[in-house]
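Novice: In full-length UniProt numbering, the protein residues as written are 1 to 472. Next up is a structure, given as structure tokens.
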């Protein structure tokens, strides 16, 4: 351990401040994403934009973050995680102010892309900072507390965004990031230990960064828009084919370089490989649920948005409680069993939701959401700890980038897969707008997601034997 990067004791004052600094950034990122998603109808009306255009306020953010996570993770390894993290905060705060000042929808979309650059710098280095600042035997607990801050942001976002928009206007949603971001940046400057860069003599892989950004943008755009444009449309086929070629070229390049942006040798470790795959499956399942259930609640059952939104908070609320407890447990018994149990519970929750009907009591929906939240909460912190613990110290930025990329890729894959199932099922029904057709389409999507979560149980079982707390 470098003297420039002392490990903190969880009970020490400095350790708590590091966790608070990173947790505040995690909370801000989750809060911003959930708030903006919730006010899209207001933005559409205020900015006089059509649905296809206003969706780019969210889409451009998703695409930009996903394409930059690995590059900024690698930059953190070579130039220092704290430096990249704090610069990202500064960029996020400035771009949030610019979003609030946007004169029209075009400017808002452009500033959201700029905001995503700052978010990628923060997200790709936060886990690496925590991993380097705390000893291995505390990693699960710390990552669980970080996950709790994510879910707290997801819970508060829609209601807080609605209140701010109603009383202060939509611009206040973006201005809200200024005090939170400045507070977190101040904490980070004061308390996050300065880490010694590990690869100053290694050149940054600009070609690889460009190929990855291009390939990921094409892939995620194709998956995100496939159900809207049509999976056999020339645009989607071209995007997916182009993504395959570009990402294939990226992987071929990374194998040959001495200092690659993505160190593929990390995947030779069975734990890293399995934890990455299981994280991807978990996020596919979670975002399939996030995409499908509102169709059931709003269209098939006719709930108003406020009641549906309140019901949907059951999932992140349970996740917020379960994540730190499971993280602490994994510090004592390892990651294998919590990760397996978490994916199994998630599979059971999705299977429970697949049995929804046109007159199912809302208590059944709440229980299904709570079970899914419990499974995801049990799974995430132990699996994250295993993935980061399997990477060497000088590759923590890359590992953190892989972890964050799995989330955003899983988000796009979950929406794309569930959207394809949903639209295919509706197209084959005589009355596609009926409650029965909508319910059946949603149920089939949950069945597929449940099967993927069950597959994740087997992937989660693959772990190498490691010393206590080191990602077992």
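No residue lacks a Cβ here, since even glycine has one placed at the ideal position from N, Cα and C. If you're wondering where the values come from, they're calculated on a predicted model, not measured in any experiment.
1) Output needed for residue 175: all residues of its chain with C-beta closer than 6 Å, excluding positions within five of it in sequence on either side, in chain order.
2) With distances taken from CA atoms, which of 262, 213, 261 is nearest residue 246?
3) Taking Cβ positions, are residue 271 and residue 383 nearer each other than 7 Å?
4) How far does the alpha helix (DSSP H) with residue 342 in it extend, from its first residue to its last?
5) How far does the alpha helix (DSSP H) with residue 296 in it reach, from first residue to last?
6) If we ignore side chains and look at the alpha-carbon of each, how far apart do residue 366 and residue 263 end up?
7) Between the segment 84–92 and the segment 117–133, are three or more C-beta pairs nearer than 8 Å?
8) Taking all protein chains shown into account, decide if residue 170 is buried (16 or more other Cβ within 10 angstroms of its Cβ) or exposed.
9) Decide yes or no for the touch test of the segment 284–292 against the segment 406–424: beta carbon pairs closer than 8 Å, at least 3 of them.
10) Under the rule that 16 or more other beta-carbon atoms within 10 Å means buried, what is residue 230, buried or exposed?
11) If you check the beta carbons only, do residue 315 and residue 369 fall under 7 Å apart?
12) Are the Cβ atoms of residue 62 and residue 295 separated by less than 7 Å?
13) For residue 60 and residue 44, I'd like the C-alpha separation in whole angstroms.
14) Mapping DSSP to helix, strand and coil, what is residue 258?
15) Would residue 244 and residue 39 qualify as a contact pair, given that the criterion is a beta-carbon distance under 7 Å?
16) How far does the alpha helix (DSSP H) with residue 266 in it extend, from its first residue to its last?
17) So, helix, strand or coil for residue 74, using DSSP?
18) Quick check on DSSP: helix, strand or coil for residue 434?
19) Which word fits residue 333, buried or exposed, when buried means at least 16 other C-beta atoms lie within 10 angstroms of its C-beta?
20) For the alpha helix (DSSP H) containing residue 305, list its first residue and its last residue.
21) Closest to residue 473 by C-alpha separation, out of 373, 394, 217, 404, would be which residue?
22) Taking only beta-carbon positions, decide if residue 99 is within less than 7 Å of chain D.
23) Is the segment 421–435 touching the segment 150–164, taking contact as three or more C-beta pairs under 8 Å?
24) Examine the ligand ZN and report whether any of its heavy atoms sits within less than 6 Å of the Cβ of residue 362.
25) For residue 68 and residue 396, what's the separation of their Cα atoms in angstroms?
26) Report yes if the C-beta distance between residue 192 and residue 84 is below 7 Å; otherwise report no.
27) Do you know offhand how far residue 182's Cα is from residue 93's?
28) So, residue 148 versus residue 323, is the Cβ gap smaller than 7 Å?
29) What does the Cβ neighbour count give for residue 445, buried or exposed, with the cut at 16 atoms within 10 Å?
30) Apart from the five residues just before and just after residue 216, which ones in its own chain have a Cβ nearer than 7 Å to its Cβ?
31) Judging by CA-CA distance, which residue of 47, 167, 443, 79 is the nearest neighbour of residue 300?
32) In chain order, what residues of the same chain have a beta carbon less than 7 Å from the beta carbon of residue 454, not counting five sequence neighbours either side?
33) Return the first residue and the last residue of the alpha helix (DSSP H) that residue 391 is part of.
34) Does the beta-carbon of residue 136 have 16 or more other beta-carbons within 10 angstroms, so that it is buried, or is it exposed?
35) Can you look up residue 204 in the DSSP assignment and give me helix, strand or coil?
Specialist: In short, the structure shows the following:
1) 100
2) 213
3) no
4) 336–353
5) Premise fails: residue 296 is in no alpha helix (DSSP H) and is neither H nor E.
6) 42 Å
7) yes
8) buried
9) yes
10) exposed
11) yes
12) no
13) 16 Å
14) coil
15) no
16) Here residue 266 belongs to no alpha helix (DSSP H), and DSSP marks it neither H nor E.
17) helix
18) coil
19) exposed
20) 305–312
21) The structure shown does not extend to residue 473, since the chain spans only 1 to 472, so no value can be given for it.
22) Structure shown: chain D not included; a single protein chain is present.
23) no
24) Looking at this structure, you won't find the ligand ZN or any other ligand, since it has none at all.
25) 16 Å
26) no
27) 7 Å
28) yes
29) buried
30) 66, 67
31) 443
32) 347
33) Element bounds for residue 391: n/a, residue is neither H nor E.
34) buried
35) coil
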